[in-house]
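**Student:** Numbers in this note's numbering are just positions in the sequence shown, counted from 1, shifted up by 109.
First, the structure itself, so that you have it in front of you.
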Amino acid sequence: MIIGSKLYRIQSTDDSMAWARSLIHEAPDGALFLADNYTHARGRQGRVWQIMPGQLMVTMILKPPLLKVMHADDFDVRLSQLNMAIALGIVSPLKQYGVSLKWPNDFVVDHKKLGGVLMQAVWENNSPCGLIVGFAINVNNTITPEHELYATATSVCMLSGSTVDMRALYKEIIANLDAWYAAWQQLAFGSIYKAWRQEQLYLGKQITVHQKDGSVCAGMAQQVMPNGDLVLALDGKKQQIISFYQVEEVRLMP
110 MIIGSKLYRI
120 QSTDDSMAWA
130 RSLIHEAPDG
140 ALFLADNYTH
150 ARGRQGRVWQ
160 IMPGQLMVTM
170 ILKPPLLKVM
180 HADDFDVRLS
190 QLNMAIALGI
200 VSPLKQYGVS
210 LKWPNDFVVD
220 HKKLGGVLMQ
230 AVWENNSPCG
240 LIVGFAINVN
250 NTITPEHELY
260 ATATSVCMLS
270 GSTVDMRALY
280 KEIIANLDAW
290 YAAWQQLAFG
300 SIYKAWRQEQ
310 LYLGKQITVH
320 QKDGSVCAGM
330 AQQVMPNGDL
340 VLALDGKKQQ
350 IISFYQVEEV
360 RLMP
């Protein structure tokens with residue numbers, strides 16, 4: 110088992126990604142970083158993830174040997190496929206609660222967010238030396254109707270109607286992550302892509318996509334590609350390819 114090969118634990122941290130990055134050279138492949146208390150957490154594009162008691166928050170370091178021999182032209186594609194594998198490892202134990210994937214990397218139920226993944230490559234001397242992956246899942250936190258996130262977020266306990274065994278869920282996610290990480294290292298990119306595509310909630314639906322450059326486009330989510338990009342059908346036969354790395358936010362159209 111690689112994921113969970115070593116556990117680092119601390120009482121409190123305000124940036125678990127930076128903590129993991131500071132140990133990038135000494136930590137082994139699959140090392141996990143857990144804190145008893147998180148004072149700050151980041152989402153995609155620098156957004157703030159609201160911390161609540163009862164959330165599962167995990168950071169890990171990955172150092173796959175493939176990283177060192179990967180051709181520069183393939184790097185972004187393989188990284189996207191690793192992101193797919195990680196998303197599959199997390200969503201697999203959550204499917205019993207009706208959880209699916211929202212492109213590019215959110216976990217959702219009935220269009221409400223349950224959690225997300227953030228992955229960063231660490232570079233030294235123009236070469237990748239490792240990856241920092243963080244994910245957060247709403248597990249036993251309750252979001253009340255008065256809360257600003259009630260219309261857009263949910264939790265596992267809200268879906269199940271009872272408190273969830275956090276440790277058991279954590280162990281199941283880690284085991285599934287390890288299996289999908291092994292599949293990626295065994296170059297099973299086609300199988301990973303097909304499984305990831307099947308979990309996409311918004312395929313066939315009308316959406317708006319906000320990109321990093323400030324542009325917004327709307328259309329039907331027609332397909333996701335093996336490199337992680339989205340094919341958006343605008344009108345008739347016209348299509349637009351949205352980069353996995355350029356998307357900022359995706360919204361379902363009313």
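C-beta: ideal position from N, C-alpha, C; glycine also.
Owing to the predicted nature of the structure, the values given are computational and were not obtained by experimental measurement.
Return the Cβ separation of residue 171 and residue 139 in integer angstroms, given the expectation that the two are a contact with Cβ distance under 8 Å.
**Tutor:** Contact flag correct, Cβ pair sits at about 7 Å.
**Student:** If we ignore side chains and look at the alpha-carbon of each, how far apart do residue 301 and residue 354 end up?
**Tutor:** Their Cα atoms are separated by approximately 18 Å.
**Student:** Excluding the 5 residues preceding and the 5 following residue 229 in the sequence, name in chain order all residues of the same chain whose CB lies nearer than 6 Å to its CB.
**Tutor:** So the list reads 241, once near-sequence residues are dropped.
**Student:** With distance defined between alpha-carbon atoms, name the residue in 256, 144, 115 nearest to residue 372.
**Tutor:** Because residue 372 is not part of the residues shown, which for the chain are 110 to 363, the question remains open.
**Student:** Look up residue 354 in the DSSP assignment and say whether it is helix, strand or coil.
**Tutor:** Three-state DSSP puts residue 354 in coil, outside helix and strand.
**Student:** Quick check: the region 338 to 347 against the region 287 to 303, are there 3 or more CB pairs under 8 Å?
**Tutor:** No, because fewer than three Cβ pairs between the region 338 to 347 and the region 287 to 303 fall closer than 8 Å, the two stretches do not touch.
**Student:** How many Å lie between residue 288 and residue 201 at the Cα?
**Tutor:** Distance between the alpha carbons of residue 288 and residue 201: 11 Å.
**Student:** Where does the unbroken beta strand (DSSP E) through residue 342 begin, and where does it stop?
**Tutor:** Counting along the chain, the beta strand (DSSP E) containing residue 342 begins and ends at 339 to 344.
**Student:** What would DSSP say about residue 321, mapped onto helix, strand or coil?
**Tutor:** Residue state, collapsed to three classes: coil.
**Student:** Can you look up residue 219 in the DSSP assignment and give me helix, strand or coil?
**Tutor:** Residue 219 falls in the coil class under three-state DSSP.
**Student:** Note down the Cα distance separating residue 252 from residue 177, rounded to an integer number of angstroms.
**Tutor:** The straight-line gap from Cα to Cα measures roughly 43 Å.
**Student:** Quick check: the Cα distance between residue 125 and residue 347, rounded to an integer number of angstroms?
**Tutor:** Their Cα atoms are separated by approximately 43 Å.
**Student:** Could you tell me whether the Cβ atoms of residue 206 and residue 268 are closer together than 8 Å?
**Tutor:** Yes, the Cβ-Cβ distance between residue 206 and residue 268 is below 8 Å.
**Student:** Would you say the region 160 to 175 touches the region 249 to 263, given that touching needs at least three Cβ pairs under 8 Å?
**Tutor:** Touching, yes.
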